[in-house]
Amino acid sequence: MARAHSSMSILRYGSSALVRLTAPLRFLSTDPGGDDGKFQSKPIWDNYQEIAKRVCDITRTRARWEQTLVTEFPSCDFSNPLFLHEFFKHQSNLLISIRFLYWSLSYYGASPDPDSCKFLFDALLKAKAGNAAKSFVARTGFTPQAGSLEQYVTCLFEGGLVGDAMEQFRLLKESGFSPRAKTWSIALSGCVKARRSDLVFVLYSDLVASGGVSDMGEEVTAHLIRAFCLDGNVPRGYKLLRLVLEDGLVPQKAAFDKLIATYCEIRNFNRVSELLHIMIEKKCAPNISTYHAVINGLLKNREGDEALRVFNELKDRGYCPDSVMYSTMITRFCKIGWVGEARKFWFEMISKGFLPDEYTICTMIQALFKIRNVKDANKIFDEMSGKGLGLSTMIYNTMICGLILNKKIEEAWKMFQEMPHKGIARDFVSYRALIWRFGTMGKIRKGKSLLREAIGQGLVSPSSDHATFVGMLRKMGGVKGSKVPVDCVENEGLNPWPLDELIVKGLCKKGFAAEAKDWLVNMLKCGLTPRDKTFRTLLQCLAQGNSMNNSFVVLGFMLKVGCPEGVRSLLIPNFREGQLGLVET
1 MARAHSSMSI LRYGSSALVR LTAPLRFLST DPGGDDGKFQ SKPIWDNYQE IAKRVCDITR
61 TRARWEQTLV TEFPSCDFSN PLFLHEFFKH QSNLLISIRF LYWSLSYYGA SPDPDSCKFL
121 FDALLKAKAG NAAKSFVART GFTPQAGSLE QYVTCLFEGG LVGDAMEQFR LLKESGFSPR
181 AKTWSIALSG CVKARRSDLV FVLYSDLVAS GGVSDMGEEV TAHLIRAFCL DGNVPRGYKL
241 LRLVLEDGLV PQKAAFDKLI ATYCEIRNFN RVSELLHIMI EKKCAPNIST YHAVINGLLK
301 NREGDEALRV FNELKDRGYC PDSVMYSTMI TRFCKIGWVG EARKFWFEMI SKGFLPDEYT
361 ICTMIQALFK IRNVKDANKI FDEMSGKGLG LSTMIYNTMI CGLILNKKIE EAWKMFQEMP
421 HKGIARDFVS YRALIWRFGT MGKIRKGKSL LREAIGQGLV SPSSDHATFV GMLRKMGGVK
481 GSKVPVDCVE NEGLNPWPLD ELIVKGLCKK GFAAEAKDWL VNMLKCGLTP RDKTFRTLLQ
541 CLAQGNSMNN SFVVLGFMLK VGCPEGVRSL LIPNFREGQL GLVET
């Protein structure tokens, strides 16, 4: 944080501040001066300087200084503007200064001093702390003047708080102040980054009305083109580009980059090539980020050969690919199944001293496991672990799943066991892979033990993971085994309803209509009401099996819980009209 300027002039005080300063005898020295050891009065200015320095030391080194300051300095009014000026001058931590101001005003019930507020507010703006500045204004009621207000506007736009920034920008213009061109540019850029193209066009209209658009044509055009692309209206953005080029105006490079990235997304690579040539012709040469967008777009559309050509051309022109470029090449080639090319880029990246991120490591390892290259997957894991990059839950999970895929269950189990010893947290993915494998191997007891352990460690949510449980349990001995984890879930205080409902659907899918009906009846007896979709699935299954009696039972329960007419009507084509009428009456 910025240190308060020692050259700050003596603060101007309001009438309330002057009243407090007329009683210098209230501020006593903290040092005994008389023979009797009692505290003696000193001139007020000397006292403030001395106490401010000591209070600064206390607030920097003591966590709960609010509880003791008043006791240690009983005669000092810490809300006095003169004292605050000295305190801010010596306090290098902006957050502590703001905390001290809030505390002092609250304790003494004083009104904020405008000069102190301006000093701290400007410091927050200098630190680009938009949220903190917004909170400061709300807490103190401080009203920034035109100069500070303009800085506040830019700070909010740069911080992504575009709604608040637009409101403050309106106040700035209504005050008669003319924002600088830089402020307009930051405002437009902030709206584009926040993907608020609607606000871009509002600001553009205001800028035209103010007569300032002619002085910043390149910047404004770039922002408008990017806004059109955000709106999905890339043809209009391209048309605007051609118009300004004909007028001899070359927009900022960001406009070309956005058009290129958007045309890549819609697979119009002819237009991409045209834009690259225009950039070179207009001496707005594409840089590494431009080519990154092109290569990423080509690989997203599985244009691997063309992506390689552009990458090699990039290097031939003297560009040096960075770690982001290499990571993109590796992950995208892995996704389209070109694992050999991905490995080449992996080794090239490592040889140049770039270290891959966690996602790239996992993608490379996973791709190798998919082509059954367990040896190289283990080799990459060992190399990354040696560099301190392999010790994460995500990477271990990738290894465990890959080893299980390749039937290396003992190696997977060993990695699972060593995770806590290396300080790596297990999550539900860690357990799930092994539970599935033990289920398919017929090791039901071991799978259930892991499942209970996962539940006991709180790795289960009451909704999304239940579906996974049911699938696992079916692998571990059918539906009968499902009751065990349902009881476990109930004991943990979680809602077993999704489990039961999914079991009903699973039984219906296998054609076990009677068993599904029994399970649904058991749900209803436990006070669990299935969704309409579950009723619908069961009724269709019963109708297909001509199980009329069971259908009447289900329909009776549906009427009790108030199921919609649309679901009940499913039975009409399958039963005689008189029989259905008897049930409904």
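Residue numbers are given in full-length UniProt numbering: position 510 of the sequence shown equals residue 510, and the series is strictly consecutive. Where is the CB? At the ideal position from N, CA and C, for every residue including glycine. The structure presented is a predicted model; accordingly, all values stated were derived computationally and were not measured.
For T328 against I280, the beta-carbon gap comes to about 22 Å, at or over 8 Å, which does not count as contact.
Ranked by Cα distance from T331, the options L314, E358, D305 and G318 are led by E358. Within the same chain, Cβ atoms closer than 7 Å to the Cβ of D231 are found at S197, the five residues on either side in sequence being excluded. If you draw a straight line from the Cα of F88 to the Cα of T183, it comes to about 29 Å. Rounded to the nearest whole angstrom, the C-alpha separation of L308 and A227 is 31 Å. The three-state reading of DSSP puts T183 in helix, counting H, G and I together. Of the residues V250, T398, R180 and K375, the one whose Cα lies closest to the Cα of E218 is V250. The three-state secondary structure of D518, taken from DSSP, is helix. The C-beta distance from L355 to L389 rounds to 6 Å, short enough to meet the 8 Å contact threshold.
The C-alpha of L434 lies about 49 Å from the C-alpha of S189. Counting only runs of 4+ residues, the alpha helix (DSSP H) found wholly inside the stretch 214-250 occupies 217-230 and 234-246, in chain order. Look at T529 here: in three-state DSSP terms it is coil, with no helix or strand label. The C-beta separation of R372 from N406 comes to about 6 Å, placing the pair in contact by the 8 Å criterion. Annotated three-state conformation of R332 is helix, per DSSP. Scanning R302, N301, K128 and I288 for the CA closest to the CA of F311 turns up I288.
The Cβ neighbour count for V70, taken over all protein chains shown within 10 Å, is under 16; the residue is labelled exposed.
Y291 places its beta carbon 8 Å or farther from that of L259. Look at M441 here: in three-state DSSP terms it is coil, with no helix or strand label. Put simply, of Q91, A454, T360 and M415 the residue whose alpha carbon is nearest the alpha carbon of C56 is Q91. When C-beta atoms of the stretch 99-115 are compared with those of the stretch 62-80, three or more pairs fall below 8 Å, so the two segments count as touching.
Assignment of L405 by DSSP, reduced to helix, strand and coil, places it in the helix class. A straight-line Cα-Cα distance of about 6 Å links F369 and A377. Taking the C-beta atoms as reference points, C284 is found no nearer than 8 Å to V272. Taking C508 as the centre and dropping the five residues before and after it, the same chain places the C-beta of A516, T537, L538, Q540 and C541 closer than 8 Å to its C-beta, in chain order. In the DSSP assignment, F83 falls within the unbroken alpha helix (DSSP H) covering P81 to H90. Scanning its chain for C-beta atoms nearer than 8 Å, with the 5 sequence neighbours on each side dropped, one finds around E150 the residues L172, F177, P179, R180 and T183, in chain order. Restricting attention to K352, R64 and F73, the CA atom closest to the CA of R54 is found in F73.
Listed in chain order, the alpha helix (DSSP H) elements of length 4 or more contained wholly in the UniProt repeat "PPR" (357-391) are 358-370 and 374-386.
Closest option to S116, judged by alpha-carbon separation, among E86, S106 and A127: E86. With fewer than 16 other Cβ atoms inside 10 Å of its own Cβ, K126 counts as exposed. Residue state for N312 is assigned as helix, using DSSP reduced to three classes. For F136, the enclosing alpha helix (DSSP H) has its first and last residue at G130 to T140. For F136 against L124, the beta-carbon gap comes to about 6 Å, under 8 Å, which counts as contact.
Closest in C-alpha terms to P321, from the list K379, V339, G353 and W338, comes G353. Here Q457 is exposed. Its C-beta has fewer than 16 other C-beta atoms within 10 Å. Residue range F269 to E281 is occupied by the alpha helix (DSSP H) that includes H277.
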